[in-house]
Amino acid sequence: MEEGKLSRKDFLRRTGGLLAASIVPMSLVEIACGGRGKGTHEKFTFAFISDPHLTHIKGTNFVRNFDNGLNKAIETVNLMFPRPDFVVFGGDLAQLGKREELDHGMELLSKLKVPVKFVIGEHDYYLDMGNYWQDKISKLNYSFDHKGVHFVVLNSILTYDNWIKRWKTPEERMNEMARLDNPNGSPFMVGDDQIAWLKKDLEDIKSGTPLVVLSHSPLYKIYKPWNFWTDDAEQIQSVLSKFDNVTVFHGHVHQVLYNQIKNISFYALMSTAWPWPYPESYTQSPHYIPKMTVFMNRQDPFHERDGTGWAFVNMDNAREEMHYKLWENKDRIVKYDESAGHPVDSTYQKPETRILPQTHY
1 MEEGKLSRKD FLRRTGGLLA ASIVPMSLVE IACGGRGKGT HEKFTFAFIS DPHLTHIKGT
61 NFVRNFDNGL NKAIETVNLM FPRPDFVVFG GDLAQLGKRE ELDHGMELLS KLKVPVKFVI
121 GEHDYYLDMG NYWQDKISKL NYSFDHKGVH FVVLNSILTY DNWIKRWKTP EERMNEMARL
181 DNPNGSPFMV GDDQIAWLKK DLEDIKSGTP LVVLSHSPLY KIYKPWNFWT DDAEQIQSVL
241 SKFDNVTVFH GHVHQVLYNQ IKNISFYALM STAWPWPYPE SYTQSPHYIP KMTVFMNRQD
301 PFHERDGTGW AFVNMDNARE EMHYKLWENK DRIVKYDESA GHPVDSTYQK PETRILPQTH
361 Y
């Protein structure tokens, strides 16, 4: 098999056919260094699980549907052969940041038989400003190297101090940040201190080294009323501009999104809990999403799992091929097109091939 290429047959062989038999809300990523970076040619895989939004009801009771989505992903990772080297958890483990929700999520994730790299989401953060997360789960930003690839984890859901101080109680602050279509919300940011840290972290990394950035919210601007937005995105993109190719994987938006901004490819990962509609279909307003993103072809808004699912990604010399596996919908392949200079959807990129989405909710 050519280095960096993973055929459907090989993928099914490696996973024992399990992933083909069940729709699983997580992502499998294969990276081939291809001689870039630290002189290694090793390939490896990591899984990506995001946005389960575990919701505490009372006592030991949690919303079962959200538990089931996360459990399914965990079970499938553990059954993979060979197993991925590690799992990235993409944020929003909790719904309202409660200790009960975070403890419950960590109990479920403890069943994983490989190490976990954690990214924090706003639902995990704004009740206690991330204190419990840092004490019990992970640092909020950090970096690591793995087989020739440099990974950076950013806390992309910070916001302005005057908004944080606006609310009378932590619960009120959390409830306000947890809303989607929210006139009282505040844009996300990475912040000056963390950008300075990022510059320092990347000082000695060669420009040809494969760079993967993991964040919760997208590191570019999509739709501000829903906080699919990072206020200082351009500053972060500028810091990353010295690298030949950069890939950013993020959660938060609960939908298929992809974009290319100069040297950076952006890919959204789906939620294990529920899908969000696209802003355009929700607002009936002019196009709010990146022009290269293609609708998920969601025809029935009453299918709650339409738009959730899992994906696996092949990376060859820092170029990506994203295979989205969608619940109650057709699979999607989005991959970088060298001639176009950006990712394209292999089936639905051309408007005449698309099925129109629903137009209201």
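Using the UniProt record's numbering, read the sequence shown as starting at 1 and increasing by one per residue. For every residue, glycine included, the Cβ atom is placed at its ideal position computed from N, Cα and C. Quick caveat, the model's predicted, so the values are computed rather than measured.
Between the alpha carbons of residue 353 and residue 217, how many angstroms are there, rounded? Those two C-alpha atoms are separated by around 30 Å.
Cutoff 8 Å; reference residue 195; Cβ partners in own chain excluding five residues on either side: The answer, listed in chain order, is 232, 235, 236, 239.
Nearest to residue 82 by alpha carbon, out of 68, 271, 44, 145? Of 68, 271, 44, 145, the smallest CA-CA separation from residue 82 is found for 44.
Please go through the region 294 to 360 and give each complete beta strand (DSSP E) segment of 3 or more residues, from N-terminal end onward. Qualifying beta strand (DSSP E) stretches, in chain order: 309 to 316, 319 to 326, 332 to 337, 342 to 345.
For residue 233, name the three-state secondary structure that DSSP assigns. Secondary structure of residue 233 (DSSP, three-state): helix.
Identify the continuous beta strand (DSSP E) that holds residue 247 and give its terminal residues. Its beta strand (DSSP E) spans residues 246 to 250.
Flag this pair as yes or no: are the beta carbons of residue 309 and residue 296 separated by less than 7 Å? Against a cut-off of 7 Å, the Cβ pair of residue 296 and residue 309 comes out as no contact.
Buried or exposed: residue 179, going by 16 or more other Cβ atoms within 10 Å of its Cβ? Taking every protein chain shown into account, the CB of residue 179 has fewer than 16 other CB atoms within 10 angstroms, so this residue is exposed.
Identity of the residue in 334, 319, 343 nearest residue 210 by Cα: Selected option, being the one with the closest Cα: 319.
Excluding sequence positions up to five away, which residues of its chain have a Cβ less than 6 Å from the Cβ of residue 335? Cβ neighbours of residue 335 beyond the five flanking positions: 321.
Where does residue 198 fall in DSSP's three states? Three-state result, residue 198: helix.
Under the three-state DSSP convention, the category residue 142 falls into: In the three-state DSSP reduction, residue 142 falls in the strand class (E or B).
Could you give the first and the last residue of the continuous beta strand (DSSP E) run that contains residue 267? Run containing residue 267: 264 to 268, per the beta strand (DSSP E) assignment.
Give me the Cα-Cα distance between residue 159 and residue 248, rounded to the nearest whole angstrom. Between residue 159 and residue 248, the C-alpha separation is close to 20 Å.
Tell whether a beta-carbon distance below 7 Å holds between residue 256 and residue 228. No, Cβ-Cβ distance for residue 256 and residue 228 is not below 7 Å.
Taking one C-beta from the region 182 to 201 and one from the region 147 to 159 each time, how about it: are there three or more such pairs within less than 8 Å? Short answer: they touch.
Simplified DSSP assignment, three categories, for residue 131: For residue 131, the secondary structure class from DSSP, reduced to helix, strand or coil, is helix.
Please report the distance separating the alpha-carbon of residue 191 from that of residue 177. In this model, residue 191 and residue 177 are separated by some 18 Å (Cα to Cα).
Would you mind stating whether residue 277 and residue 288 have Cβ atoms separated by less than 7 Å? No, Cβ-Cβ distance for residue 277 and residue 288 is not below 7 Å.
CA nearest to the CA of residue 100, picked from 265, 215, 55, 332: Considering only alpha carbons, the answer is 55.
Mind checking whether residue 66 and residue 104 have CB atoms under 7 Å apart? Not a contact, by the Cβ cut-off of 7 Å.
What residue range does the beta strand (DSSP E) around residue 47 cover? In the DSSP annotation of this structure, the continuous segment of the beta strand (DSSP E) that includes residue 47 starts and ends at 43 to 49.
Any non-hydrogen atom of the ligand SAH closer than 6 Å to residue 78 Cβ: No copy of the ligand SAH occurs in the structure displayed, which carries no ligand at all.
Go ahead and pull the three-state DSSP assignment for residue 72. Three-state result, residue 72: helix.
Rounding to the nearest angstrom, what Cα-Cα distance links residue 117 and residue 225 in this structure? Spanning the two alpha carbons is a distance of roughly 30 Å.
Got a sec? Which residues, its chain only, sit under 7 Å from residue 94 by beta carbon, not counting five neighbours each side? Setting aside the 5 residues that flank it on each side, residue 94 is surrounded in the same chain by 54, 101, 102, 105, 123, 124, each with a C-beta closer than 7 Å to its C-beta; the list follows chain order.
Beta-carbon gap between residue 271 and residue 135 smaller than 7 Å: In this structure, residue 135 does not lie closer than 7 Å to residue 271 by Cβ.
Roughly how many angstroms lie between the CA atoms of residue 355 and residue 197, to the nearest whole one? Their backbone Cα atoms lie some 44 Å apart in a straight line.
To the nearest angstrom, how far is the alpha carbon of residue 139 from that of residue 132? Computed Cα separation, rounded: 11 Å.
Segments of 3+ residues assigned as beta strand (DSSP E) that fall wholly inside the region 77 to 135: Here the runs fully enclosed are 86 to 89, 116 to 118.
CA-to-CA distance, residue 332 to residue 347, given in whole angstroms: Roughly 7 Å between the two C-alpha positions.
For residue 215 versus residue 265, is the C-beta spacing smaller than 7 Å? Between residue 215 and residue 265, the C-beta gap is not smaller than 7 Å, which leaves the two residues out of contact.
On the criterion of 16 or more Cβ atoms from any shown chain inside 10 Å, does residue 314 qualify as buried, or is it exposed? Under the 10 Å beta carbon count, residue 314 is surrounded by 16 or more other beta carbons and is classified as buried.
Short check: CB of residue 245 to CB of residue 290, under 7 Å? No, the Cβ-Cβ distance between residue 245 and residue 290 is not below 7 Å.
Compute the Euclidean distance between the alpha carbons of residue 292 and residue 187, then round it to the nearest angstrom. The alpha-carbon atoms of residue 292 and residue 187 are separated by roughly 23 Å.
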